[in-house]
Amino acid sequence: MVISKQTSPYDYDVVIIGGGPSGTTVASLVRKYNPALRVLILEKEKFPRDHVGESQLPGCSMVLHEMGAWDKVEAQNFPVKIGASYTWGRDNDSWEFDFFPVDQYEDRPRPDKYQGQRLSTAFQVDRAVYDEILLRHSEELGAEVREQTRVNEVMHEDGRVTGLKLSDGSTVTAKHYVDASGHHSIIRRSLGVPVWTPKALQNIAVWNYYQNEKWGEKIGVGATRVQVRSIPWGWMWFIPLGPTRTSVGLVTPAEHYKSTGKTPEQLYHDSLPVDPTLRELMVGAVAEGPVQSTKDWSFLSDYITGPNWFLVGEAVGFADPVLAAGMNIAHNSAKDLACTILEIERGEVEADWLKQRYNDRTRLNVKQHIQFAEFWYAANGCFTDLREHCQNIAKESGLSLSPQEAWAWLSQGGFVTELPGHAELGSFDLGLTKSLIELFGEDGKPLDFEIDKNNVFDLDLEGAVAVRQGYPEKGRIRIARGFQRGDKTLLVHNFFLLAFTALMQSKDLDKIMQHMRATLSASGVKPDQMNAFFHQGMMALEAMIAEGWVKASLDRTKPTLQRRSTGTVLLSSKEWQPHADARTKTVAGGKGMS
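Counting in this note's numbering, the sequence shown runs from 1 upward without gaps.
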């Protein structure tokens, strides 16, 4: 039943604090799937306005497409991101990973369509333009937007928000309140929700925007990579935002910054010429304005839902920007929340269960990214002025830098990702994750895959109980099969379902592989994309072994899996479904599936 404004006790069904990507994603998807719901966005600024956080991952494009905003973003001709180039690890050698093979990328006329190679790429965006596109898109879908309207007070009683007092003197009420106000997290602070702040990742970020005509020749056009360069006291980013415009920033520990006695501007300008690659790129660059800076501390809220309120995006928590996952987490957690609110409104599934699912999944995802960032910092030998700092990160985190122990430490939290049913850690495929651990590890030893060493795989559900699981899809929280044992939960969906079904049929590697391929073929996967999907199924099997859902052993009378090291072939951001369009991306430096 649709409740009219006249009979509802609330001014709005959903009030969202914050008009950034998290808030507008929630608003757009709620309005798309239920236009009867009254949605208000409260934004303290007047758009457009600059904002840091320009680099995206392919998962953002998937959400933009579902919102109906991808074509609008593409029309702005933002640089197409196919990957990143890093100087990070045991030495100063640079390395790259790509979402899509650079030698296969076709520089097509823009604007392009969300198909083919563009399914495996991302944008590098000018946030002033990007955020306004999404805000106006929400308006077009029927959300009310009030800019230059600040929330002065969150009225609450017994943990429930009862209204918002605004800067114009008015008060608004809602059935659901969404805090998308970023690290300011107005509702969280007003209700006194505690946060966890790892001491290891308390940094500052300093940046500026530059123009340089020569970048338009090859740096800011075609397929682009973000540049991440380690320097002795931190790292620099170089992100093309247009043919001639680039964001250049420094991230350094707040403790180190204080010890230098320098201003943020002085430290920033001292850092610009240190890396030879960036020094060459910056020749002839002209700054657009003054240097900007902000506190860049990772944190995670203890809980993110209440009786009638939710936190989303950076209001939930913040993981260090080295993984470039902030926008991906923001868009995908917002999609999840929109589906959660829509499902609560349908009344078919218990609201408490839906809230708990959103809380647990979203918090664990952010925690994983924080944990992975801790590993990146602890393992970076290029931070020559921060050796003690890096050692303290490892010590405080209980992290060993031997590849085997690092893998065990990283995987202990499970494999929750923005894409349910995919085996990933911190937005990285398991194959790439293990390659990075090898690259960063102190002894340089290879990190074996259990699926390579063994050929007998026994599904182990002893002591596990069947539980209800859910995942967001097209405005719904779809119910899926799951199992729980201790603090481990298995969502039997997508590629984990592919592996689980094969394991139910046989424990023999050869038959498991045959069953996976037969299932994929029957689901409409094309032959030229079979390896990509099959790889994801095998990565799900590897994850199930790591979490104890599968016992792996070796029968020496039977062959083991033979894989070639020619680059990891990964599934891109769209989940595998029967008869779905197949899409792949290649990551340099990883391991591929034969």
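Don't be surprised by glycine CBs; every beta carbon is placed ideally from N, CA and C. Because the structure is a prediction, the values reported are computed rather than measured.
Under three-state DSSP, which class holds L42? Start at 1 with the first residue of the sequence shown, and residue 42 comes out as number 42. Strand at L42.
Is the CB-CB distance between E74 and E147 below 7 Å? Residue mapping note: residue 74 aligns to position 74 of the sequence shown, counting from 1. Residue mapping note: residue 147 aligns to position 147 of the sequence shown, counting from 1. No.
With a threshold of 16 other CB atoms inside 10 Å of the CB of K262, please say whether the residue is buried or exposed. Stepping through the sequence shown from its first residue, residue 262 is reached at position 262. So K262 ends up on the exposed side.
Can at least three beta-carbon pairs, one atom from the region 218 to 236 and one from the region 68 to 88, be found at a separation below 8 Å? yes
Short check: CB of L342 to CB of G475, under 7 Å? To locate residue 342, count along the sequence shown from 1; it is residue 342. To locate residue 475, count along the sequence shown from 1; it is residue 475. Yes, they are a contact pair.
With DSSP collapsed to three states, give me the class of I344. What you label residue 344 is simply residue 344 of the sequence shown in a count that begins at 1. Note: I344 maps to helix in three-state DSSP.
Less than 8 Å between C-beta atoms, sequence neighbours within five positions excluded: which residues of the same chain meet that for L354? Along the sequence shown, one-based indexing puts residue 354 at 354. If we look at L354 and ignore the five residues flanking it on each side, its Cβ neighbours are T340, E343, I344, G470 and I477.
Going by Cα to Cα distance, which pick from A373, L503 and Y303 is closest to L436? Walking along the sequence shown from the start, residue 436 turns up at place 436. Measuring from the Cα of L436, the nearest candidate turns out to be A373.
So the beta strand (DSSP E) E473 belongs to, where does it begin and stop? For the purposes of this step, residue 473 is taken as the residue at position 473 of the sequence shown. From DSSP, the beta strand (DSSP E) with E473 extends over V465 to E473.
Coil, strand or helix - D320 by DSSP: Numbered from 1 along the sequence shown, position 320 holds the residue referred to as residue 320. Correct three-state label for D320: coil.
I'd like the list of long-range same chain contacts for S506, defined as Cβ closer than 8 Å, with 5 residues on each side in sequence excluded. In the sequence shown, the residue the question calls residue 506 occupies position 506. Excluding sequence neighbours, S506 sits near I512 and H515.
Say whether the region 371 to 389 touches the region 420 to 437, bearing in mind that this needs 3 or more beta-carbon pairs closer than 8 Å, one atom from each stretch. yes
Going by DSSP, what residue range makes up the beta strand (DSSP E) through L311? Position 311 of the sequence shown, counted from the start, is the residue given in the question as residue 311. Run containing L311: W309 to L311, per the beta strand (DSSP E) assignment.
For R485, report the span of its beta strand (DSSP E) as first-last. Residue 485 sits at position 485 when you count from the first residue of the sequence shown. Taken as a continuous stretch (DSSP letters only), the beta strand (DSSP E) holding R485 covers R476 to R485.
On the DSSP letters alone, give me the boundaries of the beta strand (DSSP E) that A143 sits inside. Position 143 of the sequence shown, counted from the first residue, corresponds to residue 143. That residue, A143, is in no beta strand (DSSP E); it is neither H nor E in DSSP.
Suppose the cutoff is 6 Å on Cβ atoms and the five residues either side in sequence are ignored; what does the same chain contact list for L509 look like? The sequence position of residue 509 within the sequence shown is 509, counting from 1. Same-chain partners within the cutoff: N455.
Between the Cα of E462 and those of G548, H389 and G537, spot the shortest distance and give me the residue it belongs to. By 1-based counting over the sequence shown, the position of residue 462 is 462. It is G548 whose Cα lies nearest to the Cα of E462.
The beta strand (DSSP E) spanning T87 covers which residue range? The residue labelled residue 87 in the question sits at position 87 within the sequence shown. Its beta strand (DSSP E) spans residues V80 to T87.
Since A287 sits in a beta bridge, which residues does DSSP pair it with? Counting from one through the sequence shown, the residue named residue 287 turns up at place 287. Paired residue(s): Y210.
Tell me which residue opens and which closes the beta strand (DSSP E) that Q227 is part of. One-based indexing of the sequence shown puts residue 227 at position 227. Where Q227 is concerned, the enclosing beta strand (DSSP E) stretches over A223 to I231.
Would you grab the beta carbon distance between A319 and G326 for me? Rounded to a whole angstrom, and I think it's under 8 Å. As a working note, residue 319 is residue 319 in the sequence shown. As a working note, residue 326 is residue 326 in the sequence shown. Yes, A319 and G326 are in contact; Cβ-Cβ is about 7 Å, under 8 Å.
What span of residues does the beta strand (DSSP E) with K295 cover, start to end? Locating residue 295 in the sequence shown gives position 295, where the first residue counts as 1. Here the beta strand (DSSP E) through K295 covers Q292 to W297.
Coarse secondary structure for H156, derived from DSSP in three states: Here residue 156 corresponds to residue number 156 of the sequence shown, with the count starting at 1. In this structure, H156 counts as strand in the three-state DSSP scheme.
What's the C-alpha gap between S573 and A174? Looking up residue 573 in the sequence shown gives position 573. Looking up residue 174 in the sequence shown gives position 174. The pLDDT assigned to S573 is 28, lower than 50, so where the model puts this residue is not dependable, and the model offers no usable value.
Could you tell me which whole beta strand (DSSP E) segments of length 3 or greater appear in the region 240 to 275? 245 to 253
Which class does A502 belong to by DSSP, given the choice of helix, strand or coil? Sequence index remark: in the sequence shown, residue 502 carries index 502 (1-based). Here A502 sits in helix by DSSP.
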